[in-house]
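Residue numbers (this note's numbering): 341 to 644.
Worksheet: one structure, shown below.
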Ligand SMILES: CC(C)(COP(=O)(O)OP(=O)(O)OC[C@H]1O[C@@H](n2cnc3c(N)ncnc32)[C@H](O)[C@@H]1OP(=O)(O)O)[C@@H](O)C(=O)NCCC(=O)NCCS
């Protein structure tokens, strides 16, 4: 497929450097671009509640950041594979079912996997992963959470009707510069192009780990004085016009022997009970040598 925006492929030495996992050098390079990015983003602060169609986004037109799908740039997608591992807490890499649906994204759904690529620096700045699934639009038919939507997408032979975001990731050195909204907009553009609507997202609220004991439906309802969600990541979705469908306390399941949990969290769980742990969005329940964890999410709806 012809790329929408032609770019010079990364040179062989750069590709080698990525492959060797030299992420620190990579992030340093990208960080040089940060202030310039921030200035441009501020200049083109978008209207609240409005999602730019990708091609009409004035910021993107002037920016060195370009959007590609995994279908358009499979080699960039390959480079991105290991790049984002470090931005997740270790435990998050061990979902009981995540391998089944994240593993099915490329090549089968390559057109829905998006990358933000900085053409000035030759850096991948962000990645968005999404999966098409069949949904009748009702709350009753909305899958329970991220595991449920992923498994439905993989197992359901019927044609999909909607797109579900699965993960948005901004590279460490590029975080905090407003790029995350572009990831959502890129997913929305991919959905529109495939005539899938709406775009939904089982959102993992960024600050929920600060309040692990608070039930997710209460947390999701917390607002700032300007009426926007207290949570920064929910806020990004809300600014783009998304609404909350419902919260899901049992969205992503991680069940594993306590020894594994101790390794992932660098904690000791000496007896059965409930434990708050670093970066956990909810407590870990330990019973009979097994650690049980359900990650909560908040379903948000982007009408397209
Ligand atoms: C969540 C994530 C995609 C957000 O991207 P980002 O580049 O960090 O965030 P942005 O710069 O686009 O800003 C988004 C909001 O978060 C706020 N924010 C960003 N970094 C922040 C920080 N360190 N402290 C406080 N607020 C912060 C911003 O102020 C902004 O809110 P505002 O528009 O109301 O001011 C990114 O942090 C990430 O990749 N995290 C790890 C993976 C993850 O959890 N993904 C989301 C679940 S799928």
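Cβ coordinates follow ideal geometry from the N, Cα and C atoms, glycine included.
Run the CB neighbour count on residue 637, radius 10 Å, all protein chains shown included, and call it buried at 16 or more, exposed below. Looking at its Cβ environment, which holds 16 or more other Cβ atoms inside 10 Å, residue 637 is buried.
What runs of the alpha helix (DSSP H), each 4 residues or longer, lie entirely inside the region 408 to 496? The region 408 to 496 contains these whole alpha helix (DSSP H) runs: 414 to 420, 438 to 442, 486 to 495.
Alpha carbon to alpha carbon, what distance is there between residue 588 and residue 406? Distance between the alpha carbons of residue 406 and residue 588 is about 34 Å.
From residue 575 to residue 482, what distance separates their C-alpha atoms? Going by the C-alpha atoms only, they are around 22 Å apart.
Assigned secondary structure, residue 515 (DSSP; H/G/I helix, E/B strand, else coil): In the structure shown, residue 515 sits in coil (DSSP, three-state: anything other than H, G, I, E or B).
Hey, how far is the Cα of residue 456 from the Cα of residue 529? Here the alpha carbon of residue 456 sits roughly 13 Å from the alpha carbon of residue 529.
Beta carbon of residue 591, beta carbon of residue 524: below 7 Å? Taking the C-beta atoms as reference points, residue 524 is found no nearer than 7 Å to residue 591.
According to DSSP, simplified to helix, strand and coil, what is residue 323? With the chain running from 341 to 644 in the structure shown, residue 323 is simply not present.
Taking the Cβ atom as the reference point for each residue, do residue 501 and residue 474 lie within a distance shorter than 7 Å? Their beta carbons are under 7 Å apart, which means residue 501 touches residue 474 by this criterion.
Assuming residue 544 and residue 635 make a contact with CB atoms under 8 Å, what is their CB distance in whole Å? Right, their Cβ atoms sit about 7 Å apart.
Runs of beta strand (DSSP E) lying entirely within the region 558 to 638, each at least 3 residues, in chain order: Within the region 558 to 638, the complete beta strand (DSSP E) runs of at least 3 residues are 583 to 597, 613 to 615, 624 to 627.
Taking DSSP as the reference, what is the three-state secondary structure of residue 504? Strand at residue 504.
Is any non-hydrogen atom of ligand 1 found closer than 6 Å to the C-beta of residue 516, if you look at the structure I gave you? Relative to ligand 1, the beta carbon of residue 516 is positioned inside 6 Å of a heavy atom.
Per-residue burial, residue 553 [other beta carbons within 10 Å of its own, 16 or more giving buried]: Exposed is the call here.
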